[in-house]
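Participant: For the sequence shown, position 228 matches number 228 in the working numbering, and the numbering has no gaps at all.
Supplied in structure tokens, the structure appears directly below.
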Amino acid sequence: MLNRRTLLGALSAIAMLAASGPAMAQDNYDIALISKGFQHQFWQAVKAGADQAAADLGVTVTFEGPETESQVDRQMDMLAAALSRGPDAIGFAALDSQAAIPLLQQAKDAGIPVIAFDSGVDSDIPLSTATTDNVAAAALAADVMAELIGGEGKVAIVAHDQTSRTGIDRVDGFSNRIKEAYPNIEIVSVQYGAGDQLQSTEITKSILLANPDLKGIFGANEGSALGVANGKQELGSDIVVIGYDSGAAQKAFIESGVMNGAITQNPVGIGYQTVQAAVSALKGETLPPVIDTGFFYYDKDNMADPEIAAVLYD
Numbered sequence: 001m002l003n004r005r006t007l008l009g010a011l012s013a014i015a016m017l018a019a020s021g022p023a024m025a026q027d028n029y030d031i032a033l034i035s036k037g038f039q040h041q042f043w044q045a046v047k048a049g050a051d052q053a054a055a056d057l058g059v060t061v062t063f064e065g066p067e068t069e070s071q072v073d074r075q076m077d078m079l080a081a082a083l084s085r086g087p088d089a090i091g092f093a094a095l096d097s098q099a100a101i102p103l104l105q106q107a108k109d110a111g112i113p114v115i116a117f118d119s120g121v122d123s124d125i126p127l128s129t130a131t132t133d134n135v136a137a138a139a140l141a142a143d144v145m146a147e148l149i150g151g152e153g154k155v156a157i158v159a160h161d162q163t164s165r166t167g168i169d170r171v172d173g174f175s176n177r178i179k180e181a182y183p184n185i186e187i188v189s190v191q192y193g194a195g196d197q198l199q200s201t202e203i204t205k206s207i208l209l210a211n212p213d214l215k216g217i218f219g220a221n222e223g224s225a226l227g228v229a230n231g232k233q234e235l236g237s238d239i240v241v242i243g244y245d246s247g248a249a250q251k252a253f254i255e256s257g258v259m260n261g262a263i264t265q266n267p268v269g270i271g272y273q274t275v276q277a278a279v280s281a282l283k284g285e286t287l288p289p290v291i292d293t294g295f296f297y298y299d300k301d302n303m304a305d306p307e308i309a310a311v312l313y314d
């Protein structure tokens, strides 16, 4: 059954980190990580992975992000402040795939290696990007949605933004899969709620009221998915909801049946491998352009499976 399927090659956090750990770092490197946000449990899990890598590798890591994922200017300020102190390496998760390029060019010019994580930039400045294959993950979400609504009907997407690589790739991955494989399914609305749960709730209710025959909504990140579930619950709808990411609230919605299931990334692995890649770059090692950190589809039937439980987080 599709709802028990995991993408081939997706790895548990424990197996992935154990298989790819390098030798201990020789210097107490200073690595600055700038994330897309700090409020979601996803980013706390990324931070936990980065902190673990710092302890394992004997380096110093700072981790910060704006209060919300709509604050591109605030993120640019944080990146500029990190640059001004002259860290040994920078890890960066872009809210806007182009806005940070001038600052990242400054890092490159100063000989500071840049590792992108979660959401890349439209530039070859980052030596590597530790990320989920968001196009493939969103396509899997589309396959699950199609199965659960019987291969026909109207669906919608509530996503976080149109500027980050993750926002773009998840909307495209879901939409293109529906268009290519499911001719009897129509995407009637794509709306953006900045990853904010309350804003996404209101967007969801407006979509449901405008489309009483809607069969499902894909929520493309943690805040979006929670908003979709809240909107469904507030209006007493029976639509299929497929989410993205994990966290205690989203897991509870899945256990209760309000949300049918979700894609989980490997945020601990993303944080760990970002720091690991930065250390490798500082030691002069060659990095792959992309570090694929894997993903799974989970629902209430497989949440307790060891390989799934390893990448879920509260």
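We treat Cβ as the ideally placed atom computed from N, Cα and C, and that holds for glycine.
All of these numbers come straight from a predicted model, not from anything done at the bench.
Quick check on Gly193: does DSSP put it in helix, strand or coil?
Facilitator: coil
Participant: DSSP three-state call for Glu307: helix, strand or coil?
Facilitator: Reduced to three states, the DSSP call for Glu307 is helix.
Participant: For Thr264, which of Val240, Gln233 and Gly219 has the nearest alpha-carbon?
Facilitator: Gly219
Participant: When DSSP builds the beta bridges, which residues end up paired with Phe218?
Facilitator: In the DSSP output, where bridge partners are listed per residue, Phe218 has Ile157 and Ile242.
Participant: Counting C-beta neighbours from all protein chains within 10 Å, is the total for Gly195 16 or more, i.e. buried, or is it exposed?
Facilitator: Buried, because 16 or more other Cβ atoms sit within 10 Å of the Cβ of Gly195.
Participant: What did DSSP end up calling Glu69 once you bin it into helix, strand or coil?
Facilitator: Coil at Glu69, not helix or strand.
Participant: Which runs of the alpha helix (DSSP H) spanning at least 4 residues fall entirely within the region 79-125, listed in chain order?
Facilitator: For the region 79-125, whole alpha helix (DSSP H) runs of length 4 or above, ordered along the chain, are 101-109.
Participant: Buried or exposed, going by whether 16 or more other CB atoms sit within 10 Å of the CB of Gly167?
Facilitator: buried
Participant: Taking 8 angstroms as the cut-off, decide whether the C-beta atoms of Leu214 and Ala146 are in contact.
Facilitator: no
Participant: For Leu140 and Phe174, what's the separation of their Cα atoms in angstroms?
Facilitator: 8 angstroms
Participant: Roughly how far, in whole angstroms, is the beta-carbon of Tyr272 from the beta-carbon of Arg170, given that I think they are within contact range, below 8 angstroms?
Facilitator: Incorrect: roughly 23 angstroms between the Cβ atoms, too far for contact.
Participant: Would you report the Cα separation of Asp30 and Asn184, rounded to the nearest angstrom?
Facilitator: 53 angstroms
Participant: Could you tell me which of Phe63, Lys154, Asp109 and Ser35 sits nearest to Ile239, measuring between CA atoms?
Facilitator: Ranking Phe63, Lys154, Asp109 and Ser35 by CA distance to the CA of Ile239 puts Lys154 first.
Participant: What are the boundary residues of the beta strand (DSSP E) that includes Asp169?
Facilitator: Taken as a continuous stretch (DSSP letters only), Asp169 belongs to no beta strand (DSSP E), being part of the alpha helix (DSSP H) at Arg165 to Ala181.
Participant: Taking Tyr272 as part of the beta strand (DSSP E), name the residues at either end of that continuous run.
Facilitator: That residue, Tyr272, is in no beta strand (DSSP E); its alpha helix (DSSP H) goes Pro267 to Leu282.
Participant: Tell me which same chain residues have a C-beta within less than 6 angstroms of the C-beta of Ala93, skipping the five on either side of it?
Facilitator: Correct list, in chain order: Ser35, Lys36, Phe117, Asp118 and Ser119.
Participant: Kindly list the residues whose CB is nearer than 8 angstroms to the CB of Ala281, restricted to its own chain and excluding five residues on each side of it in sequence; keep chain order.
Facilitator: These residues qualify, in order along the chain: Ala89, Pro113, Ile115, Leu127, Ser128 and Leu287.
Participant: Expressed to the nearest angstrom, what Euclidean distance is found between the alpha-carbon atoms of Pro66 and Phe38?
Facilitator: 6 angstroms
Participant: Run through DSSP, which three-state label would Glu285 get?
Facilitator: coil
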